[in-house]
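Residue numbers (the numbering used here): 4 to 356.
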């Protein structure tokens, strides 16, 4: 067991690096953000001002080739995930890859095999497993209060009619669009809850005028006795429930998104925040069900979300004191579901696994 401080290098410092990685590395005892690579002047200035102890460099290879770096976070556009992660593993580095893992399952298999041969930790940043609402959903399902679950529906509703200028996610590139972006989170959560489905059916579209990348999807996953509906769109001005769960005893409905992202974008930091990730009462989900012959309705207090828990687990997995929570093999299955959903939409039919 080696519990020395883990020196972290971050390749790419866009929104993911600034909002979802750096603040939580700083909040994780035993991790040190040592190097950041970015060719963007504004991002470099932000890194200098907010993380003065980190060396800021322009070339990713200054991180990959640095023997002092133990863990690399690949937070680049999706098309660079595979080649950069492969280089990091070949250089003997543990790796966190920003979601989605890779563009296709073939790439994922290569990286998984390489990490296994090198005995390195390879994980994907599926931080939405640590959302307050998803943690609450897990407890609601396991409680049995809904009875036999028959339908699970979850939405990422957004209203962004204008295309974002100079954004790679808006371009017609492999791995672009919201199915790979938001969809990978929703699929990952479902696989955690229910495992792989028997069948996939999908309707994937481009709805905004002038858009080049997928901006709307409706994916249905079929399990024995259970239908899972995953939806996201950029032209939803009035969002519906984020989660809607139906069982033969009751229904659970949850509006609103986890509060951590908005807090981070507002400049709040998890370090030194005892109430971090706690939702206000007005956001708590509602349940209507039956228990021991009694009919009742009420609210379910949300579990606290905390993305720091992801990085604590990665640290402990590197130290050899805990099993990795987000495994690369699981993220590979998420990419497989995306591939099958695209096939289903293209061929206008259900596709079996």
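Each residue gets a CB set at the ideal place from its N, CA and C atoms; glycine is no exception.
Report buried or exposed for residue i, applying the criterion of at least 16 other Cβ atoms within 10 angstroms of its Cβ.
| i | result |
| --- | --- |
| residue 348 | buried |
| residue 265 | exposed |
| residue 300 | exposed |
| residue 29 | buried |
| residue 96 | buried |
| residue 240 | exposed |
| residue 311 | buried |
| residue 52 | exposed |
| residue 14 | buried |
| residue 343 | buried |
Can you give me the C-alpha to C-alpha distance between residue i and residue j, rounded to a whole angstrom?
| i | j | result |
| --- | --- | --- |
| residue 293 | residue 148 | 7 angstroms |
| residue 317 | residue 40 | 21 angstroms |
| residue 4 | residue 319 | Reliability of the predicted coordinates at residue 4 is poor, the pLDDT of 47 falling under 50, and the value obtained from them is presented with this limitation in mind. The straight-line gap from Cα to Cα measures roughly 10 angstroms. |
| residue 338 | residue 112 | 11 angstroms |
| residue 65 | residue 146 | 50 angstroms |
| residue 142 | residue 87 | 37 angstroms |
| residue 223 | residue 105 | 22 angstroms |
| residue 135 | residue 276 | 16 angstroms |
| residue 190 | residue 156 | 12 angstroms |
| residue 272 | residue 45 | 20 angstroms |
| residue 126 | residue 183 | 17 angstroms |
| residue 285 | residue 304 | 10 angstroms |
| residue 75 | residue 150 | 44 angstroms |
| residue 59 | residue 10 | 14 angstroms |
| residue 212 | residue 340 | 27 angstroms |
| residue 279 | residue 262 | 9 angstroms |
Please tell me whether residue i and residue j are closer than 9 angstroms, where the distance is taken between their beta carbons.
| i | j | result |
| --- | --- | --- |
| residue 242 | residue 161 | yes |
| residue 236 | residue 220 | yes |
| residue 79 | residue 63 | yes |
| residue 154 | residue 274 | no |
| residue 359 | residue 173 | Residue numbering for the chain in the displayed model covers 4 to 356; residue 359 lies beyond these limits and cannot be assessed. |
| residue 25 | residue 54 | yes |
| residue 334 | residue 100 | yes |
Please classify residue i: does DSSP put it in a helix, a strand, or coil?
| i | result |
| --- | --- |
| residue 34 | strand |
| residue 349 | helix |
| residue 357 | Any answer about residue 357 is impossible in this case: the structure gives the chain only from 4 up to 356. |
| residue 210 | coil |
| residue 226 | strand |
| residue 235 | strand |
| residue 104 | coil |
| residue 126 | strand |
| residue 166 | coil |
| residue 193 | helix |
| residue 143 | helix |
Over the uninterrupted alpha helix (DSSP H) stretch that includes residue i, give me the two end residues.
| i | result |
| --- | --- |
| residue 49 | 44-53 |
| residue 111 | 108-121 |
| residue 92 | 84-93 |
| residue 14 | Per DSSP, residue 14 belongs to no alpha helix (DSSP H); it is in the beta strand (DSSP E), 9-14. |
| residue 317 | 311-322 |
In terms of residue numbering, what span does the beta strand (DSSP E) encompassing residue i cover?
| i | result |
| --- | --- |
| residue 201 | Premise fails: residue 201 is in no beta strand (DSSP E) and is neither H nor E. |
| residue 156 | 152-160 |
| residue 58 | 58-60 |
| residue 298 | 297-303 |
| residue 257 | 254-257 |
| residue 27 | It is not in any beta strand (DSSP E) - residue 27 instead sits in the alpha helix (DSSP H) that spans 25-29. |
With a threshold of 9 angstroms between beta carbons, is residue i in contact with chain C?
| i | result |
| --- | --- |
| residue 134 | The structure shown contains no chain C, having only a single protein chain. |
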